[in-house]
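Okay, structure first, notes after.
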Amino acid sequence: MTIRHDPPAGAPIWVDLMSSDRDASEAFYTGLLGWVADDPNPEFGGYTNVTLAGEAVAGLMPAQDVEACDAWMVYLNVADAEGAVAAVKGAGGTVIVEPMPIADLGVMAVVLDPGGSAVGMWQPGEHRGGVVATLGAPCHFELHTDAYDAVLPFYRDVFGWTLSEQPGPPDFRYTLYEIADGESAGVMDATVFPPEAPRGWTVYFAVDDVEAALATTVELGGRVSIPAESTPYGVLAEAYDSTGARFKLRAD
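All residue numbers for the sequence shown refer to the working numbering, where the first residue is 2 and numbers rise by one.
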């Protein structure tokens, strides 16, 4: 099991789910990925920390806005949230949640990149991230954007990413930020997809059998949107959980 307590600058450090039905989300992911949920914390609006084999892996947050869509949020590691927010403003992004201390756990902020996709920032305090790149945990983080050429310099300049453009046919534009321990983040040019296809960040969870995980997804009230497919990056699939949040699965 890989537990990162000091992730590299700009690396995804945490994920949490904004859920319209926290209890349903808890039941879904504990059933699918083997997570164990702590009791909701009323001090933080009912936020629930979730563990995998005793180590922090993700969070569940009850949606405060009844019209908000259920969705996973990816948080990138920053050493100085105030400085990172200033860099966002100078790099074509928009700040939607200014840096906000969360007790002694850390400082969070949420911004929009130049393509309009939301991404979080986390300046670690006592909470320094969790389990990655092991079965049941996040293993890859991917942005689909129509503003491919604008967001690459944004993530490079604001978060310090080292970018590696991947080979492929002319209509496949994909850039990878390789982190460590089998974990990575990627940006894909989404202009090749229909306008109704989802954009924004999504989280891949590692499983040992994608087909079996998809069957469990359906049993737990979710639905499959892209069936399992063998690729150079492993067996991949996309699904929606029981409250409508999109996620992906990967098996090596």
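Idealized CB from N, CA, C, for every residue including glycine.
- The DSSP-derived three-state label of Arg224 is strand.
- Going by DSSP, Gly60 is part of the beta strand (DSSP E) stretching over 56-63.
- Taking 8 Å as the upper bound for CB-CB distance, Gly235 and Ala213 are not in contact here, some 15 Å apart.
- By the neighbour-count criterion, in which a residue is buried when 16 or more other Cβ atoms sit within 10 angstroms of its Cβ, Asn42 is exposed.
- If you draw a straight line from the Cα of Tyr149 to the Cα of Val188, it is about 7 Å long.
- When the alpha-carbon of Gly130 is set against those of Leu144, Asn78, Gly94, the nearest one is in Asn78.
- Contact between the stretch 152-169 and the stretch 101-110 is absent: fewer than 3 CB-CB pairs across the two stretches fall below 8 Å.
- Following the DSSP letters along the chain, one finds Leu144 inside the beta strand (DSSP E) bounded by residues 139-146.
- Distance between Val132 and Glu44, taken at the CA atoms: about 24 Å.
- Inter-residue distance for Ile97 and Asp17 is about 17 Å (C-alpha atoms, whole angstroms).
- The residues Val236, Leu237, Ala238, in chain order, have a CB closer than 8 Å to that of Glu230 in the same chain once the five nearest residues on each side in sequence are set aside.
- Looking at the DSSP output, Tyr48 shares a beta bridge with Asn42.
- Under the three-state reduction of DSSP, Pro154 is assigned to helix.
- In the structure shown, the three-state DSSP call for Val79 is coil.
- When secondary structure is reduced to three states using DSSP, Val208 falls in the coil class, being assigned neither helix nor strand.
- Separation of the CB atoms of Thr217 and Leu61 is rounded to 19 Å, and the pair is thereby denied contact status at 8 Å.
- Beyond the five residues adjoining it in sequence on each side, Tyr241 comes within less than 7 Å, by CB distance, of Gly223, Arg224, Ser226, Arg247 in the same chain, given in chain order.
- Linking Pro199 to Asp147 through their CA atoms gives a straight-line distance of about 11 Å.
- A check of alpha carbon separations from Pro195 across His145, Leu221, Ala59, Tyr156 identifies His145 as the nearest.
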